[in-house]
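Inspection log for the structure reproduced underneath, given as structure tokens.
Protein chains: 2
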Amino acid sequence: MTNKQANSTSQSIAAHLEQMILDGSLAPESKIPSERQLSSRLGVSRAIVREALHELHGRGMIETRHGKGSFVSCVVPQVDESTPLMQLYIGHSRTLYDLFEVREQLEGQAAALAAERATEQDQYRIRKAFETMEAADPLTNAELDHAFHRSIVEASHNPVLLHVLNSLKSLMLDSVQAAVMNLAHRKAFKQQIDRHHRQIYHAVISRQARWARKAAMAHVRHVSESLRQIEEQEKHLIRAALDQREVESA
Amino acid sequence: MTNKQANSTSQSIAAHLEQMILDGSLAPESKIPSERQLSSRLGVSRAIVREALHELHGRGMIETRHGKGSFVSCVVPQVDESTPLMQLYIGHSRTLYDLFEVREQLEGQAAALAAERATEQDQYRIRKAFETMEAADPLTNAELDHAFHRSIVEASHNPVLLHVLNSLKSLMLDSVQAAVMNLAHRKAFKQQIDRHHRQIYHAVISRQARWARKAAMAHVRHVSESLRQIEEQEKHLIRAALDQREVESA
DNA sequence: AATTACGCACTGGTCGGACCAGTTTTTTGT
DNA sequence: ACAAAAAACTGGTCCGACCAGTGCGTAATT
Chain A
1 MTNKQANSTS
11 QSIAAHLEQM
21 ILDGSLAPES
31 KIPSERQLSS
41 RLGVSRAIVR
51 EALHELHGRG
61 MIETRHGKGS
71 FVSCVVPQVD
81 ESTPLMQLYI
91 GHSRTLYDLF
101 EVREQLEGQA
111 AALAAERATE
121 QDQYRIRKAF
131 ETMEAADPLT
141 NAELDHAFHR
151 SIVEASHNPV
161 LLHVLNSLKS
171 LMLDSVQAAV
181 MNLAHRKAFK
191 QQIDRHHRQI
201 YHAVISRQAR
211 WARKAAMAHV
221 RHVSESLRQI
231 EEQEKHLIRA
241 ALDQREVESA
Chain X
1 MTNKQANSTS
11 QSIAAHLEQM
21 ILDGSLAPES
31 KIPSERQLSS
41 RLGVSRAIVR
51 EALHELHGRG
61 MIETRHGKGS
71 FVSCVVPQVD
81 ESTPLMQLYI
91 GHSRTLYDLF
101 EVREQLEGQA
111 AALAAERATE
121 QDQYRIRKAF
131 ETMEAADPLT
141 NAELDHAFHR
151 SIVEASHNPV
161 LLHVLNSLKS
171 LMLDSVQAAV
181 MNLAHRKAFK
191 QQIDRHHRQI
201 YHAVISRQAR
211 WARKAAMAHV
221 RHVSESLRQI
231 EEQEKHLIRA
241 ALDQREVESA
């Protein structure tokens with residue numbers, strides 16, 4: 001299905017192993033056959049096997065310990081529901097916050113411009129998006145939240161801004177988006193976010209550019225820091241789990 | 001900072017290359033030195049280099065083409081200048097000012113972050129770029145001006161910011177760049193620009209983030225408005241010419 | 001006999017050289 | 001001058017060797 005064997009041996013072997021891992025043929029924490037074993041069984045040189053393994057390591061699916069072997073490191077056994085989250089951007093979490101740093105500026109600018117330049121039509125759209133979002137079920141408002149912000153960016157009447165923000169958003173992995181949305185599950189966060197949305201809305205509608213910028217920036221920053229908190233918590237959980245496991249295996 | 005060199009050679013080489021990519025030392029789409037070259041330059045075997053490259057490939061930071069080489073595949077997707085949408089807008093002067101509007105924010109943020117996060121090495125680079133620029137012949141300092149701004153953006157240590165600003169800059173047509181440079185011909189503008197540069201430089205070096213942001217934003221805004229003025233003047237000239245023609249043909 | 005220590009048989013990590021296969025540049029023969 | 005052949009790149013694959021951690025079983029020591 002997703003068999004892209006693209007370039008060649010090492011690639012296809014990596015894909016093959018990945019498939020086995022995702023299938024569950026290779027359970028998490030289970031030991032992967034040794035390099036020499038794979039090499040002879042697959043009829044390729046050991047170098048190729050090593051390249052394939054490094055490829056998987058790059059994706060964080062594998063961990064290798066000198067003298068012991070390589071092990072599947074699917075952190076969370078849960079199929080593919082809620083928490084492959086961390087693993088994806090765990091190595092790049094820094095970049096994620098860099099991204100928020102940029103977004104903070106641009107969303108702020110967008111809100112300010114929207115307050116200044118929104119036409120009546122824009123204001124109508126913003127109002128509609130806002131009301132729809134407020135009335136909606138908190139669990140399903142991912143799209144609506146997005147639509148609200150989008151309506152504001154569009155009201156800024158700056159295509160470059162729109163374009164850049166779009167590509168930044170598409171940069172965020174779905175998992176991260178999901179995580180952001182999961183903030184809504186925590187009542188305190190949800191309320192804070194709602195408050196921010198209201199502030200942004202009113203500021204833009206009442207054409208108070210300065211306030212709009214401030215509110216939008218605060219909003220992005222809040223989301224970013226909330227995410228950071230969650231990451232910190234999960235890191236602790238993971239570490240705790242690992243410690244626990246080591247205790248058990250000791 | 002995030003330098004986990006953990007296991008060994010291939011890992012640390014991968015990390016090193018990743019750093020270079022994120023830093024912008026290796027621009028997107030740029031060719032990475034050949035495996036044999038890296039191998040000899042880093043003093044390790046080619047196999048190790050290959051493993052490091054595969055690691056990066058696994059993370060999607062690299063693409064490799066047989067017989068050609070390996071290439072940085074933009075971590076931060078380029079703000080597509082090729083997208084049909086942008087294609088339409090490019091060239092419209094209105095879009096140009098939208099662009100400056102965005103740049104104003106981002107350059108400001110970059111300067112502020114640079115003031116906060118610049119290492120000694122960064123400061124040295126910035127100082128060198130600044131002094132070189134000041135000492136240079138005003139007519140040929142297009143490159144140097146660019147280098148100065150770049151050194152500051154790099155000192156912000158935010159790869160997303162770096163890449164976005166890079167792609168924005170590439171959006172500006174050469175003609176525009178030339179026009180900006182032509183501002184230097186007018187003594188008043190030139191002096192103002194120099195003053196801005198000095199302010200930015202001193203603010204960043206003395207770690208005054210707020211001031212740095214303000215200066216950088218003022219700088220971009222000034223350039224933008226100067227350009228607008230020039231355009232206005234030229235428009236008058238053109239209109240005058242057109243009127244003249246109509247008179248003649250009447 | 002129990003315990004320690006050594007050593008062998010694993011594991012991954014690194015090396016160098018060889019060769020194949022695409023791509024680009026240079027040379028060369030008409 | 002031009003087109004074809006050749007040389008000089010590039011990455012892709014293989015081999016065989018050796019080093020370095022790890023673990024286990026056996027032999028030496030107590």
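Protein chains in written order, with the UniProt record's numbering: chain A, 1 to 250; chain X, 1 to 250. C-beta: ideal position from N, C-alpha, C; glycine also. Here the structure is a predicted model, which is why all the values come from computation and not from measurement.
Euclidean distance between Cα positions of S10 of chain X and E51 of chain X: 6 Å
Simplified DSSP state of E29 of chain A, which is helix, strand or coil: coil
Whether A212 of chain X touches I193 of chain X by CB criterion (8 Å): no
Helix, strand or coil at G58 of chain A according to DSSP, with G and I counted as helix: helix
Sheet register partners of G69 of chain A (DSSP bridge): A:R65
Contact set for R36 of chain X: own chain, Cβ-Cβ below 7 Å, skip 5 residues either direction: R46
Cutoff 8 Å: H16 of chain X Cβ touching any chain A Cβ: no
CB contact below 8 Å: G58 of chain A versus chain X: yes
Nearest candidate by alpha-carbon position, reference T132 of chain X, set X:R59, X:Q121, X:E107 and X:F148: X:F148
Residues near H222 of chain X in its chain [Cβ-Cβ closer than 8 Å; skip 5 each side]: Q192, I193 and H196
Rounded straight-line distance, which links the Cα of E225 of chain A to that of Y97 of chain X: 32 Å
Alpha-carbon spacing of K31 of chain A relative to S30 of chain X, whole angstroms: 38 Å
Status (buried if at least 16 other CB within 10 Å, exposed otherwise) for A14 of chain X: buried
For G108 of chain A, three-class secondary structure by DSSP: helix
Beta carbon of M61 of chain X nearer than 8 Å to that of I126 of chain X: no
Under the three-state DSSP convention, the category H157 of chain A falls into: coil
Interface flag, Q105 of chain X vs chain A, CB-CB below 8 Å: yes
Rounded distance between the beta-carbons of A110 of chain X and A216 of chain X, thought under 8 Å: 7 Å
Same chain, Cβ closer than 6 Å to residue 275 of chain A, neighbours up to 5 away in sequence not counted: Residue 275 of chain A lies beyond the stretch modelled for chain A, which goes from 1 to 250, so this question has no answer here.
Cα-Cα separation, Y89 of chain A to K190 of chain X: Here Y89 of chain A scores only 47 on pLDDT, less than 50, and its place in the model is too uncertain to base an answer on.
Residues near L144 of chain A by beta carbon distance below 8 Å, same chain, minus five either side: A129, T132, M133 and A136
S12 of chain X: CB within 7 Å of a non-hydrogen atom of the ligand HEM: Of the ligands one can find in the structure shown there are none, so the ligand HEM has no counterpart to examine.
Inter-residue spacing [alpha-carbon to alpha-carbon] between I48 of chain A and F100 of chain A: 39 Å
Cα-Cα separation, E55 of chain A to K214 of chain A: 44 Å
Per-residue DSSP class, three states only, for V44 of chain X: coil
The region 98-122 of chain X: positions lying closer than 7 Å to chain A by Cβ: D98, L99, E101, V102, Q105, L106 and Q109
Proximal chain A residues relative to A155 of chain X, where beta-carbon distance stays under 8 Å: The premise fails here: A155 of chain X is roughly 14 Å from chain A at the closest Cβ pair, so nothing lies under 8 Å.
Residue burial classification, T119 of chain A (beta-carbon count within 10 angstroms, cutoff 16): exposed
Any C-beta of chain A under 8 Å from that of L161 of chain X: yes
Backbone secondary structure at M20 of chain A - three-state DSSP: helix
Element boundaries [alpha helix (DSSP H), containing Q192 of chain A]: K187 to I205
Member of X:G69, X:R239, X:E116 and X:H163 whose CA lies at the smallest distance from the CA of R210 of chain X: X:E116
Any chain A beta carbon closer than 8 Å to A47 of chain X: yes
Interface flag, R50 of chain X vs chain A, CB-CB below 8 Å: yes
Buried or exposed by the 16-neighbour rule on C-beta atoms within 10 Å, applied to G58 of chain A: buried
Chain X within 8 Å of T95 of chain A, Cβ atoms only: yes
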